[in-house]
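K.L.:
The structure under discussion is supplied below as structure tokens; questions concerning it will follow.
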Amino acid sequence: MPLEHSHAPQDIAQRLNAGPKISYLRDWVYGGIDGAVTTFAIVAGSLGANLSPAIVLILGLANLLADGFSMAAANYSGTKSEEDDYQRLEGIEEKHIRLAPEGEREEVRQIYKAKGYEGEELETLVAIITSRRQTWIETMMQEEYGMAAVQRSALKAALSTFAAFVICGSLPLIPFVFGLSASGTITTVMTACAFFLIGSIKARWSTQNWFFSGLETTAIGMAAAGIAWLVGYLLHGLIA
């Protein structure tokens, strides 16, 4: 079985110097599924109200830009809050190490004692970690607060969500762009294709087979889309 990367010293050094890769997969999946679901809901409701294809297209495009921007802005704010919280906690650790170093060393000692280290081996490990301030701080951030040293970019997270929302949310509108007949059926198929595409792509970062990952995401997405259609259908029935 081939290995995922080389273990030659120069290749290891190059890979580590480049730093860990930050994944924005969840932002793509979140934006893509929501974009397809909300656009499908608007299309389904509009068809139920017997609106013209032009009106359906206008409503769909308005949803893509407005709701897509709203989701991106919310993701930006949430991710930025995580960045701010990391900086706040990092400041606390820096202050504690400066004002109460022995107490912080005891925290490191107890953390690694709980991991099974003891005796001289434990004391050596504590001495090594606390000999460099940045290593000490990063250790406490990870072990005490469960936070990784590498933080996600709020801007990249927001852009990923917006891009996925617009790309996947556009698929249910394609039949109306070309004025195709049986637009409702084609839209349903296009929406399912959007979900399958999302699931297949995300399989690249998991151990799941791409086909089954696509089917799983399609089932989840179409269930959400089905709920949206059912609500629109029932509301239209009440109004009509």
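Residue numbers (UniProt numbering): 1 to 240.
Ideal Cβ placement from N, Cα and C applies to all residues, glycine included.
Are residue 199 and residue 218 touching if we call contact CB-CB under 8 angstroms?
P.N.:
Locating residue 199 in the sequence shown gives position 199, counting from the first residue. Locating residue 218 in the sequence shown gives position 218, counting from the first residue. Cβ distance < 8 angstroms, so residue 199 and residue 218 count as in contact.
K.L.:
Which residue marks the beginning of the alpha helix (DSSP H) containing residue 77, and which one marks its end?
P.N.:
On the sequence shown, position 77 is the one that residue 77 refers to. Its alpha helix (DSSP H) spans residues 53-99.
K.L.:
Go ahead and label residue 202 buried or exposed: buried means 16 or more other beta carbons lie within 10 angstroms of its beta carbon, across all protein chains shown.
P.N.:
Start at 1 with the first residue of the sequence shown, and residue 202 comes out as number 202. With 16 or more other Cβ atoms within 10 Å, it is buried.
K.L.:
Using the three-state DSSP reduction, which class does residue 175 fall into: helix, strand or coil?
P.N.:
Position 175 of the sequence shown, counting from 1, holds the residue named residue 175. It is helical.
K.L.:
For residue 103 and residue 32, what's the separation of their Cα atoms in angstroms?
P.N.:
Taking the first residue of the sequence shown as 1, we reach residue 103 at position 103. Taking the first residue of the sequence shown as 1, we reach residue 32 at position 32. Cα to Cα, residue 103 sits roughly 47 angstroms from residue 32.
K.L.:
Who are the near neighbours of residue 67 in its chain, counting only those whose CB is closer than 6 angstroms to its CB and skipping five residues on each side?
P.N.:
By 1-based counting over the sequence shown, the position of residue 67 is 67. So the list reads 38, once near-sequence residues are dropped.
K.L.:
Using the three-state DSSP reduction, which class does residue 199 fall into: helix, strand or coil?
P.N.:
To locate residue 199, count along the sequence shown from 1; it is residue 199. Correct three-state label for residue 199: helix.
K.L.:
If we cut at 8 angstroms on Cβ distances, does residue 162 have a partner in chain D?
P.N.:
Protein chains in the displayed structure number just one, and chain D is not present.
K.L.:
DSSP three-state label for residue 170, please.
P.N.:
The sequence position of residue 170 within the sequence shown is 170, counting from 1. Three-state DSSP puts residue 170 in a helix.
K.L.:
With a CB to CB cut of under 7 angstroms and the five nearest residues on each side skipped, what residues in its chain are close to residue 46?
P.N.:
As a first step, residue 46 is located in the sequence shown; it is residue number 46 there, counting from the start. Counting only Cβ-Cβ distances below 7 angstroms, and skipping sequence neighbours, we find 55, 56 and 59.
K.L.:
So is residue 22 buried or exposed if we call it buried at 16+ other beta carbons inside 10 Å?
P.N.:
Locating residue 22 in the sequence shown gives position 22, where the first residue counts as 1. Exposed, by the Cβ-count rule.
K.L.:
Please classify residue 234 as buried or exposed, where buried requires at least 16 neighbouring CB atoms within 10 angstroms.
P.N.:
For this step, residue 234 is matched to residue 234 along the sequence shown. Exposed, because fewer than 16 other Cβ atoms sit within 10 Å of the Cβ of residue 234.
K.L.:
Here's the rule I'm using: 16 or more other beta-carbon atoms within 10 Å means buried, otherwise exposed. How should residue 35 be labelled?
P.N.:
Looking up residue 35 in the sequence shown gives position 35. Result: buried.
K.L.:
Classify residue 24 as buried or exposed, calling it buried when 16 or more other Cβ atoms lie within 10 Å of its own Cβ.
P.N.:
Taking the sequence shown and counting its residues from 1, the one referred to as residue 24 is at position 24. The residue in question, residue 24, is buried, as its Cβ has 16 or more Cβ neighbours within 10 Å.
K.L.:
Report the residue from 75, 192, 28 and 10 whose alpha carbon sits nearest the alpha carbon of residue 226.
P.N.:
Here residue 226 corresponds to residue number 226 of the sequence shown, with the count starting at 1. For the residues 75, 192, 28 and 10, the minimum Cα distance to residue 226 belongs to 192.
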